[in-house]
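Let me begin by presenting the structure, written as structure tokens, before commenting on it.
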Amino acid sequence: MMSNSFVKAPQASAKVFFVLGDRIERRARLQGAWLNIFDITVPPGSRTPLHRHASPEVFRIIEGRLTIRRATENGLEEFEAMAGNIVRIAANQAHAYSNPGPQTAVFSAIVDRDMAEFLEAAGSQEPPKATPSAETMERMKAAANAHGITILAA
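Dropping the structure here:
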């Protein structure tokens, strides 16, 4: 008989850091496996640059709305994802997200080990006080290069 047991991971025990203004919490990591779950809080006006990487991702929007941009065989598509939506990003698919709205957005991201290591390498312990500094951008670019992430547009 299969067990329906679970392990509760209290939010207070999550590893918290910041990447380009977004607050990132590592909620779960399966040791010896590729699966990592992060909760990402995206303040109004925050965005990622258009980028691609070998690892696929799945986003589940928890609160608010995000504008998702991703490459398709017909060009770049843009759509709004809202609470309850699930967004799939294929391996090597160029993509970006932004929060154009007045309210904070929160989503869970399921990523592999490589992407998790990039997020942690690019992150800082302190939230940014304004637009990311040149030092922050250099750290992010170095982490992207080290983890096989190609930044396509700023």
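Numbers 85 to 238, taken from the working numbering, label the letters of the sequence shown in order. Quick reminder that beta carbons are idealized off the backbone N, C-alpha and C, glycines included.
Buried versus exposed call for residue i [16 or more other C-beta atoms within 10 Å across all chains shown]
| i | result |
| --- | --- |
| THR42 | The structure shown does not extend to residue 42, since the chain spans only 85 to 238, so no value can be given for it. |
| SER217 | exposed |
| GLY207 | buried |
| ASN120 | buried |
| ARG172 | exposed |
| ALA180 | buried |
| LEU104 | buried |
| ALA193 | buried |
Rounded C-alpha distance that separates residue i from residue j
| i | j | result |
| --- | --- | --- |
| THR188 | ARG113 | 25 Å |
| ALA237 | LYS225 | 12 Å |
| LYS99 | ARG110 | 5 Å |
| PRO127 | ARG107 | 9 Å |
| THR156 | ALA227 | 26 Å |
| PRO186 | THR125 | 14 Å |
Local conformation of residue i per DSSP, three classes
| i | result |
| --- | --- |
| ASN176 | coil |
| SER89 | Residue confidence is low: SER89 scores 48 on pLDDT, short of 50, so the model does not pin down where it sits. Its coordinate-derived value is still stated next. Correct three-state label for SER89: coil. |
| ALA167 | coil |
| THR188 | coil |
| ASN120 | strand |
| LEU239 | For residue 239 there is no data in the structure shown, the boundaries of the chain being 85 and 238. |
| ASN98 | This sequence places Ala at residue 98; Asn is not what is there. Note: ALA98 maps to coil in three-state DSSP. |
Proximity winner among the options, relative to residue i (alpha-carbon distances)
| i | options | result |
| --- | --- | --- |
| GLU204 | ALA230, PHE191, LYS213 and PRO184 | ALA230 |
| ASN183 | GLN177, ASN176 and PHE191 | PHE191 |
| ILE152 | GLU164, ALA178 and THR220 | GLU164 |
| GLU141 | PRO212, ASP196 and GLN209 | ASP196 |
| MET166 | ASN158, ILE145, PRO186 and ASN176 | ILE145 |
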